[in-house]
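Residue numbers (the working numbering): 7 to 231.
Using N, Cα and C, we set each Cβ at its ideal position, and we do this for glycine too.
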């Protein structure tokens, strides 16, 4: 394994960052890299999203590495815990955890044309201390859905009930017997709406586009909104 050479920093320990790190080890035998992850665990979106019914919206066999196929998926569209476990297993198989700095958020990067390297400023989110380091190569693997965004609805700040994004689903939320409005009809909504609809009174399912979905694990949702 190569321990010298240019130092590589990978931002994000989600699927993109983990896949790149695995390729460095498998294809190049390269070990001189560090992964900065702002959360306390790897997995990216599959660690962050834990709403009811959270599952893969593409066939599971297309959602694993070609180098590490998983013939033991329990369904065609497995739920979040099973997907997260798959990537955690790969991280352990390829000894990636020693390369990961958890609870570390990259704040800024600046190219130094004299030293031919990046100056990087990060924050340890556990201690709030600042960390300065350098790298010759930076790989951004932060994804495009890193920060949940609430809809820009006039007056939303005056809503007195409980308000949250599905990506920030509270662990202790109890929706039983409550009237619930769901804004959006994307992949997340069509997964959790059938689950919570068993216990809550969903008055509105709001979207600005029609949608159609097929049966996933025995739950059929289709039509227009």
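Going by the CB atoms, is the gap between residue j and residue i shorter than 9 Å?
i: residue 86; j: residue 61; result: yes
i: residue 51; j: residue 11; result: no
i: residue 107; j: residue 42; result: yes
i: residue 99; j: residue 74; result: yes
i: residue 154; j: residue 172; result: yes
i: residue 198; j: residue 105; result: no
Can you find the residues in the same chain that come closer than 7 Å, C-beta to C-beta, to residue i, ignoring five residues on each side of it along the sequence?
i: residue 170; result: 176
i: residue 117; result: 124
i: residue 24; result: 48, 93, 96, 97 and 102
What three-state label does DSSP hand residue i in the structure shown?
i: residue 143; result: strand
i: residue 113; result: strand
i: residue 228; result: Residue placement at residue 228 cannot be trusted, given a pLDDT of 42 that sits under 50; what the coordinates show is reported in the next sentence. The answer is coil: DSSP assigns residue 228 none of H, G, I, E or B.
i: residue 199; result: helix
i: residue 127; result: strand
i: residue 174; result: helix
i: residue 159; result: coil
i: residue 25; result: helix
i: residue 133; result: coil
i: residue 185; result: strand
i: residue 194; result: helix
Near residue i, what residues of its chain come up, given a Cβ to Cβ distance below 8 Å and the 5 sequence neighbours on each side ignored?
i: residue 206; result: 181, 182, 183, 184, 185 and 186
i: residue 179; result: 168 and 170
i: residue 88; result: 79 and 80
i: residue 159; result: 189
In chain order, what residues of the same chain lie with their CB nearer than 6 Å to the CB of residue i, ignoring the 5 residues before and after it?
i: residue 69; result: 62
i: residue 114; result: 127
i: residue 204; result: none
Roughly how many whole angstroms lie between the Cα atoms of residue i and residue j?
i: residue 149; j: residue 111; result: 14 Å
i: residue 194; j: residue 58; result: 9 Å
i: residue 84; j: residue 22; result: 19 Å
i: residue 141; j: residue 27; result: 15 Å
i: residue 90; j: residue 146; result: 21 Å
i: residue 190; j: residue 54; result: 19 Å
i: residue 157; j: residue 56; result: 20 Å
i: residue 121; j: residue 14; result: 15 Å
i: residue 30; j: residue 143; result: 13 Å
i: residue 162; j: residue 71; result: 42 Å
i: residue 18; j: residue 109; result: 11 Å
Exercise. Going along the chain, which unbroken runs of the alpha helix (DSSP H) with 4 or more residues stay wholly within the stretch 58-124?
Worked result: 86-99
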